[in-house]
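In the numbering used here, the protein residues as written are 20 to 232.
Presented below is the structure to which this report refers.
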DNA sequence: ATCCCGAGGG
DNA sequence: CCCTCTGGAT
C-alpha cells in the first residue's frame, strides 16, 4: 500500500493535471444525473449525452417520465445498450421518486439503493455531486483500474472493496473530486488497453509503470 | 476481441 | 464469486 505522503502527492498531481474535477454527463436536474448515470452503464458518457437531450425534452418532468411508455423510452435510449433494463428502471424509479420520496432524489446511500437501477456507483455519484457528501467514492471502471495499477488497492475489482480501501486512505473532502479526476485520467492517459505511461504524471508513484511502454 | 464513469440476480 | 443484459467504437 501507499504511504500517506504518496497519497497526498497523487492527489496533488491529479489536481494539477485536471484542475476541474467535473462530471462529463450533461444534466440540469438532480434526477437527470441519476438517470444519466444509469444510462452510462457499459456506455460512454459521450453517447449518453447524445440521447439525454431527446429523453428529457420528450419527458420534461418526473411526472412525465413516471407515465412514459417504456417502449418509447427504449427507442430513445436504444443506442446506449442494455436498453430494456435501463428504460424499465428509469420509469420505475421515476414512479418511486414521486410516490415514496415526494419527487426529490433521496440523500442517503440506503435510500438511493432502494431505487430500481441505482447501485453503489450511481448512489455515490449522487451523494458526491448533488449532496457534496464527504467520503463519497465512485468505484467505476476507471477508478477500479487505475487504483489497482497505482497500488492504491490490493487489485480487487469488487466495487465495495475498492470503495472501502480508497476511503480509508483519501482525505474525505478530496475523495469525490479524486474519483472524477481518475475518470479524466483514464480517458486521456491511463487507458484500459494501451496506457500512455510515458506521458503519465502519476508514474513516480505507480506500481504498473513499465518504461518499455 | 475488448472496452465504455453498472446493476441485479444466482 | 459467477452470469446476463446490449449497442457502438476501436
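Glycine included, each C-beta is placed from N, C-alpha and C at the ideal position.
Computed from a prediction, not measured in an experiment: that's the story for all the values here.
Under the three-state reduction of DSSP, which class applies to residue 82: helix, strand or coil?
If DSSP states are grouped into helix, strand and coil, residue 82 belongs with the helices.
Please say whether residue 107 and residue 89 have beta carbons closer to each other than 7 Å?
yes
Rounded to whole angstroms, how far is the Cβ of residue 156 from the Cβ of residue 200, which I believe are closer than 8 Å?
At roughly 13 Å, the Cβ-Cβ gap does not stay under 8 Å, so residue 156 and residue 200 are not in contact.
Please classify residue 15 as buried or exposed, where buried requires at least 16 neighbouring CB atoms within 10 angstroms.
Nothing about residue 15 can be read from this structure; the chain reaches only from 20 to 232.
Check whether the region 188-206 touches the region 26-39, taking contact to mean three or more Cβ pairs, one atom from each stretch, closer than 8 Å.
yes
Can you give the Cα-Cα distance for residue 184 and residue 173, rounded to whole angstroms?
In a straight line, the C-alpha of residue 184 is about 8 Å away from that of residue 173.
Taking Cβ to Cβ, would you say residue 104 is nearer than 7 Å to residue 135?
no
Quick check: what's the CA-CA separation for residue 138 versus residue 224?
Spanning the two alpha carbons is a distance of roughly 31 Å.
Does DSSP classify residue 128 as helix, strand or coil?
helix
Go through its chain and collect everything with a Cβ distance to residue 23's Cβ below 8 Å, but skip five positions before and after it.
188
On the criterion of 16 or more Cβ atoms from any shown chain inside 10 Å, does residue 178 qualify as buried, or is it exposed?
buried
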